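In my numbering, the protein residues as written are 42 to 375. Ideal Cβ positions, reconstructed from N, Cα and C, are used throughout, including at glycine. It should be emphasised that the depicted structure is a prediction, and the values quoted were computed from it without experimental measurement.
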Amino acid sequence: MTATVNREIHLASRPQGWPTAENFRLVETEVPKAGPGQLLVRNRYMSVDPYMRGRMNDVKSYVPPYALDAPLDGGAVGEVVAGEADGFAPGDTVLHGLGWREYALVDARSARKVDPDLAPVSAYLGVLGMVGLTAYAGLLEVAGMRPGETVFVSAAAGAVGSLVGQIAKLRGAARVVGSAGSPAKVERLAALGFDAAFDYHDRPVRESLQAAAPEGIDVYFDNVGGDHLEAAISALRPHGRVALCGMIAQYNDTVPPAAPRNLAQVIGKRLTLRGFLAGDHQGLRDQFIHEMAGWLREGRVSYDETVVDGVENAPSAFLGLLRGENLGKMLVRL
42 MTATVNREIH LASRPQGWPT AENFRLVETE VPKAGPGQLL VRNRYMSVDP YMRGRMNDVK
102 SYVPPYALDA PLDGGAVGEV VAGEADGFAP GDTVLHGLGW REYALVDARS ARKVDPDLAP
162 VSAYLGVLGM VGLTAYAGLL EVAGMRPGET VFVSAAAGAV GSLVGQIAKL RGAARVVGSA
222 GSPAKVERLA ALGFDAAFDY HDRPVRESLQ AAAPEGIDVY FDNVGGDHLE AAISALRPHG
282 RVALCGMIAQ YNDTVPPAAP RNLAQVIGKR LTLRGFLAGD HQGLRDQFIH EMAGWLREGR
342 VSYDETVVDG VENAPSAFLG LLRGENLGKM LVRL
């Protein structure tokens with residue numbers, strides 16, 4: 042039976058700098074009823090992602106900001122418990138965009154049925170979902186990595202970065218270097234097949250990258266920005282490419298960050314720096330799913346998940362993500 046009480050997380054106030062628990066509120070509401078073209082979904086897992094920090098600010102961006110005193114949203118996967126929509130039935134597992142709540146009333150047009158027998162359902166929020174597509178499209182289409190090249194990945198033990206490094210090796214990279222925020226994460230990168238990895242706390246990133254890739258790099262997959270981007274510009278060889286995926290080092294800054302001090306090198310080296318959104322590369326989805334599912338079956342790709350239980354703990358999971366407490370994908374199990 043469907044419960045009558047739904048618990049969801051609302052944005053109580055807009056963060057100034059680093060978010061705190063006080064910016065969120067746990068609210069109890071009635072479980073909604075599905076009408077024509079709608080699905081009532083009992084969420085099983087929800088995603089917390091760095092981009093959500095930007096949506097907490099009331100500024101214009103590529104997605105609307107979160108509203109105050111209303112539930113947040115984001116990727117979620119769950120089970121259809123009721124609904125009136127062609128192509129769906131109770132018991133189906135669906136992927137949708139209304140996380141941060143236990144029960145979601147989803148427009149069937151925005152839900153995608155997934156196969157729980159192909160992989161654990163949580164994988165559709167990570168390795169087989171937007172995370173995986175981000176890594177795949179960013180490395181292969183945006184940066185255009187070619188066999189024999191050297192690739193540098195920042196936040197390489199995170200959900201996206203860990204997949205970028207593995208895909209690079211599978212697609213013929215000569216050398217893959219990753220940065221991470223702890224000795225344990227550096228050790229994990231070695232186990233994932235990275236040729237070199239370093240803890241960015243140990244010494245300046247530029248020095249560590251030079252030691253790990255003394256002959257330079259061809260591709261930089263940027264999840265961090267700041268000193269990592271500056272170091273990569275110095276290390277890139279002529280005609281190098283940068284896929285700008287995220288800049289988590291700057292998301293909580295209260296003043297505009299200084300640009301990399303060596304941007305002039307972009308001209309002489311004829312570098313390409315290109316920002317991208319995974320949503321712009323949906324045409325790659327079928328190819329990505331086919332290739333990634335094969336790699337998973339063959340045991341050629343590994344992925345990590347950090348799971349926090351309970352919707353009431355979603356804010357702490359999000360704050361932990363911003364502090365780098367996750368290994369791989371940060372998820373909340375509902």
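Where residue i falls, given that 16 or more other Cβ within 10 Å makes a residue buried
{"i": "Lys370", "result": "buried"}
{"i": "Gly418", "result": "Past the boundaries of the shown model lies residue 418; the chain is included only from 42 to 375, so the question cannot be answered."}
{"i": "Val352", "result": "buried"}
{"i": "Ala111", "result": "exposed"}
{"i": "Pro105", "result": "exposed"}
{"i": "Lys74", "result": "exposed"}
{"i": "Lys26", "result": "Since the displayed the chain opens at 42 and closes at 375, residue 26 lies outside it and no answer follows."}
{"i": "Lys101", "result": "exposed"}
{"i": "Arg315", "result": "exposed"}
Assigned secondary structure, residue i (DSSP; H/G/I helix, E/B strand, else coil)
{"i": "Thr191", "result": "strand"}
{"i": "Gly179", "result": "helix"}
{"i": "Phe359", "result": "helix"}
{"i": "Gln57", "result": "coil"}
{"i": "Asp243", "result": "coil"}
{"i": "Leu375", "result": "coil"}
Residue i and residue j closer than 7 Å at C-beta
{"i": "Ala176", "j": "Val192", "result": "no"}
{"i": "His137", "j": "Ala117", "result": "yes"}
{"i": "Leu80", "j": "Val162", "result": "no"}
{"i": "Asn47", "j": "Thr70", "result": "yes"}
{"i": "Ala200", "j": "Gly179", "result": "no"}
Nearest neighbour of residue i, chosen from the options [CA to CA]
{"i": "Ala272", "options": "Leu250, Asp259, Arg282, Ala254", "result": "Leu250"}
{"i": "Glu256", "options": "Leu337, Arg229, Val217, Ala221", "result": "Val217"}
{"i": "Asp259", "options": "Ala111, Gly281, Leu363", "result": "Gly281"}
{"i": "Ala290", "options": "Lys310, Ile274, Arg278, Asn264", "result": "Asn264"}
{"i": "Tyr107", "options": "Tyr92, Val121, Val348", "result": "Tyr92"}
{"i": "Phe262", "options": "Asp240, Asp243, Cys286, Asp268", "result": "Cys286"}
Residue i - containing alpha helix (DSSP H), residue span
{"i": "Leu211", "result": "200-211"}
{"i": "Gln328", "result": "326-338"}
{"i": "Arg85", "result": "Not the alpha helix (DSSP H): Arg85 falls in the beta strand (DSSP E), residues 79-88."}
{"i": "Val46", "result": "Note, Val46: premise wrong, no alpha helix (DSSP H); beta strand (DSSP E) at 46-52."}
{"i": "Glu248", "result": "246-253"}
Range of the contiguous beta strand (DSSP E) that encloses residue i
{"i": "Leu159", "result": "Element bounds for Leu159: n/a, residue is neither H nor E."}
{"i": "Glu366", "result": "That residue, Glu366, is in no beta strand (DSSP E); it is neither H nor E in DSSP."}
{"i": "Gly281", "result": "277-285"}
{"i": "Lys226", "result": "Segment 224-232 is the alpha helix (DSSP H) holding Lys226; no beta strand (DSSP E) there."}
{"i": "Met93", "result": "Per DSSP, Met93 belongs to no beta strand (DSSP E); it is in the alpha helix (DSSP H), 92-96."}
{"i": "Val218", "result": "216-221"}
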